[in-house]
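Q: Here the UniProt record's numbering is used: the first residue of the sequence shown is 1, the next is one more, and so on. I have a structure I would like to understand better, so I am pasting it below and will then ask my questions one at a time.
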Amino acid sequence: MTIAISSSFDGGNIEVVRCESPEDIELRIPRDTHSDFLQWFYFRLTGAADQACTIRITGLKESAYPAGWPGYRACVSEDREIWWRTDTAYDEQAGTLTIHVTPGSGSIYLAYFAPYSMERHHDLIADMSGVVGVEIESLGKTLDGQDIDLITMGTGPLNIWMIGRQHPGETMAEWWMEGALDMLTDHANPVARKLLEVATLRIVPNMNPDGSRRGNLRVNGAGANLNREWAEPALDRSPEVYHVRAKMDETGCDFCLDVHGDEAIANNFIAGPEGTPSFSRRQQELLDGWKAALLERSPDFQTEEGYPVDKSGQANLAICTNQIAERFGCLSMTLEMPFKDANVMPDEMMGWSPERCGELARACLGATLAMTARLQA
Ligand SMILES: [Zn+2]
């Protein structure tokens with residue numbers, strides 16, 4: 001049986017250096033489109049059933065986040081539904097990630113994190129379109145001609161926005177969205193029903209369809225890092241941000257959650273807009289209140305680890321969370337989930353997983369409901 005590696009599918013990304021035998025497979029990660037970032041990999045390995053394979057990914061000193069590799073374990077799946085973790089080691093000196101896996105069948109998939117394909121995105125949108133009270137709208141086109149999908153639901157006066165996957169390789173963000181939407185469309189769920197009564201929710205589950213399909217970590221098809229485009233989005237470079245921000249201007253925004261993944265930090269955390277020029281005591285209290293509400297609801301969340309807080313007035317207004325906080329004077333936050341694991345509740349077999357993303361989303365909706373009275377005031 002010939003061993004083969006392929007990434008010629010939705011979200012796939014790898015380059016084969018050598019694929020001679022199961023114990024001698026060398027791969028490299030291609031750079032994102034028109035960009036220097038490299039980190040996302042997703043490929044299929046065929047013809048190696050029941051053989052101990054050693055896969056070396058080299059050249060990772062040049063990766064976007066070298067700190068993402070120590071302590072990282074690669075994701076593996078046979079059916080592309082269940083993704084577990086396999087033995088992985090990183091040689092910092094060489095910049096080489098060595099993955100050990102023994103395929104249980106003739107075809108397995110390996111990825112940086114459980115992938116979320118554009119086909120699955122369309123399944124999600126199709127599921128939502130059949131739900132009473134849910135509206136689907138295309139806000140415009142990406143540069144590759146894909147739709148920028150907005151899901152609207154709820155009838156209340158509070159304007160809640162949730163967006164995900166500005167960085168397309170952070171697929172945990174769309175798994176989070178799937179969990180959130182599953183809860184919001186469950187008519188037996190009292191938190192969802194109440195939230196839809198007091199608020200109108202606008203959800204963009206995938207801000208970066210072009211980067212997603214191309215298998216990029218951080219940029220769209222034009223090489224733009226969308227989370228650096230919020231100050232001056234341009235139709236010929238970042239139409240995704242241009243259209244979403246324009247819609248926010250039209251509807252207003254009382255609360256915005258921008259969902260991401262972090263390569264290096266092995267925990268869930270929130271990054272707030274503390275350094276924005278007009279950051280207020282009220283925004284600080286809402287930020288503290290929301291984080292406390294989430295801490296009560298999810299043991300997977302923590303507030304010890306995270307990014308350093310920007311000094312007063314030093315925030316980069318090209319970043320979504322900062323731009324929205326400044327623009328609307330509201331509570332605006334970035335949620336970061338790990339590629340590795342949530343070390344406050346480690347799971348050696350699965351690491352941080354799609355299922356855990358979904359659970360965290362449910363807890364986040366609970367925290368948001370707990371804060372609605374204060375968000376409105
Ligand atoms: Zn991100």
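The beta carbon of each residue, even a glycine, is placed where N, CA and C say it ideally should be.
Under 8 Å Cβ to Cβ from residue 384, same chain only, skipping five residues before and after it: list those, please.
A: Nothing in the structure corresponds to residue 384, since the chain is present only between 1 and 377.
Q: What is the residue span of the alpha helix (DSSP H) that residue 391 lies within?
A: Any answer about residue 391 is impossible in this case: the structure gives the chain only from 1 up to 377.
Q: What would DSSP say about residue 171, mapped onto helix, strand or coil?
A: In the structure shown, residue 171 sits in coil (DSSP, three-state: anything other than H, G, I, E or B).
Q: Does the stretch 157 to 171 come within contact of the stretch 131 to 148, defined as at least 3 CB pairs closer than 8 Å?
A: The stretch 157 to 171 is not in contact with the stretch 131 to 148.
Q: Looking at the structure shown, is residue 316 part of a helix, part of a strand, or coil, going by DSSP?
A: Residue state, collapsed to three classes: coil.
Q: Let me confirm a value: residue 132 is counted as buried when at least 16 other C-beta atoms fall within 10 Å, else exposed. Which label applies?
A: Residue 132 comes out exposed.
Q: What residues in its chain sit with their C-beta under 7 Å from that of residue 62, if we drop five residues either side in the sequence?
A: Closer than 7 Å at the Cβ level, and outside the excluded window around residue 62, lie 38.
Q: Report all residues from its chain with a CB closer than 6 Å to the CB of residue 77; omit the five preceding and five following residues, and keep chain order.
A: Once the five neighbours on either side are set aside, the close Cβ partners of residue 77 are 83, 109.
Q: Cα separation between residue 330 and residue 367?
A: About 16 Å.
Q: For the alpha helix (DSSP H) containing residue 88, list its first residue and its last residue.
A: No alpha helix (DSSP H) holds residue 88; the beta strand (DSSP E) holding it covers 88 to 91.
Q: Count the other CB atoms, across all protein chains shown, that sit within 10 Å of the CB of residue 309; report buried if there are 16 or more and exposed otherwise.
A: The residue in question, residue 309, is exposed, as its Cβ has fewer than 16 Cβ neighbours within 10 Å.
Q: Between which two residues does the alpha helix (DSSP H) holding residue 68 run?
A: Unbroken run through residue 68: none, as it is neither H nor E.
Q: Within this structure, are the beta carbons of residue 254 and residue 93 separated by less than 8 Å?
A: In this structure, residue 93 does not lie closer than 8 Å to residue 254 by Cβ.
Q: Hey, out of 229, 250, 252, whose CA is closest to residue 386's CA?
A: Because the chain is modelled from 1 through 377, residue 386 falls outside the range shown and cannot be assessed.
Q: For residue 129, which of helix, strand or coil comes out of DSSP?
A: Reduced to three states, the DSSP call for residue 129 is helix.
Q: Would the beta-carbon of residue 345 fall within 8 Å of that of residue 299?
A: Yes.
Q: Report yes if the C-beta distance between residue 251 and residue 202 is below 8 Å; otherwise report no.
A: Cβ distance < 8 Å, so residue 251 and residue 202 count as in contact.
Q: With distances taken from CA atoms, which of 146, 199, 156 is nearest residue 206?
A: Cα-wise, what sits closest to residue 206 is 146.
Q: Work out the CA separation of residue 237 and residue 20 for me, nearest whole Å.
A: Roughly 41 Å separates the two Cα atoms.
Q: Could you give the residue range of the beta strand (DSSP E) that holds residue 97?
A: Run containing residue 97: 96 to 101, per the beta strand (DSSP E) assignment.
Q: Does DSSP put residue 219 in a helix, a strand or coil?
A: If DSSP states are grouped into helix, strand and coil, residue 219 belongs with coil.
Q: For residue 165, count the other beta carbons within 10 Å of its own beta carbon; 16 or more makes it buried, fewer makes it exposed. Which is it?
A: Residue 165 should be labelled buried.
Q: Could you check where the alpha helix (DSSP H) with residue 210 kicks off and where it finishes?
A: Residue 210 -> alpha helix (DSSP H) spans 209 to 214.
Q: Ignore the nearest five residues each way along the sequence and tell me which others in residue 25's own chain have a CB closer than 6 Å to its CB.
A: 19, 55.
Q: When you compare only the Cα positions, how much space is there between residue 235 and residue 69?
A: Answer to the nearest angstrom: the Cα atoms are 35 Å apart.
Q: In terms of DSSP beta bridges, what is residue 135 paired with?
A: Paired residue(s): 152.
Q: Since I believe residue 204 is in contact with residue 150 (beta carbons under 8 Å), could you give me their beta-carbon distance rounded to a whole number of angstroms?
A: Confirmed, about 6 Å.
Q: Look at the Cβ atom of residue 339, then the Cβ atom of residue 303, and state whether they are nearer than 8 Å.
A: Going by C-beta atoms, residue 339 is not nearer than 8 Å to residue 303.
Q: On the three-state DSSP scale, how would you describe residue 339?
A: Of the three classes helix, strand and coil, the one that applies to residue 339 here is coil, per DSSP.
Q: Alpha carbon to alpha carbon, how far is residue 296 from residue 73?
A: Cα to Cα, the separation comes out at about 29 Å.
Q: Tell me which same chain residues have a C-beta within less than 6 Å of the C-beta of residue 48, skipping the five on either side of it?
A: Correct list, in chain order: 3, 22, 103.
Q: Let me know the secondary structure DSSP gives residue 372 once reduced to three states.
A: Correct three-state label for residue 372: helix.
Q: Is the beta carbon of residue 369 less than 8 Å from the beta carbon of residue 247?
A: The answer is no: Cβ separation not under 8 Å.
Q: Spatial neighbours of residue 178 within its chain, please: C-beta separation below 7 Å, excluding the five flanking residues on both sides.
A: If we look at residue 178 and ignore the five residues flanking it on each side, its Cβ neighbours are 124, 358.
Q: How would you write the range of the alpha helix (DSSP H) that residue 293 sits in, first residue to last?
A: First-last of the alpha helix (DSSP H) with residue 293: 281 to 297.
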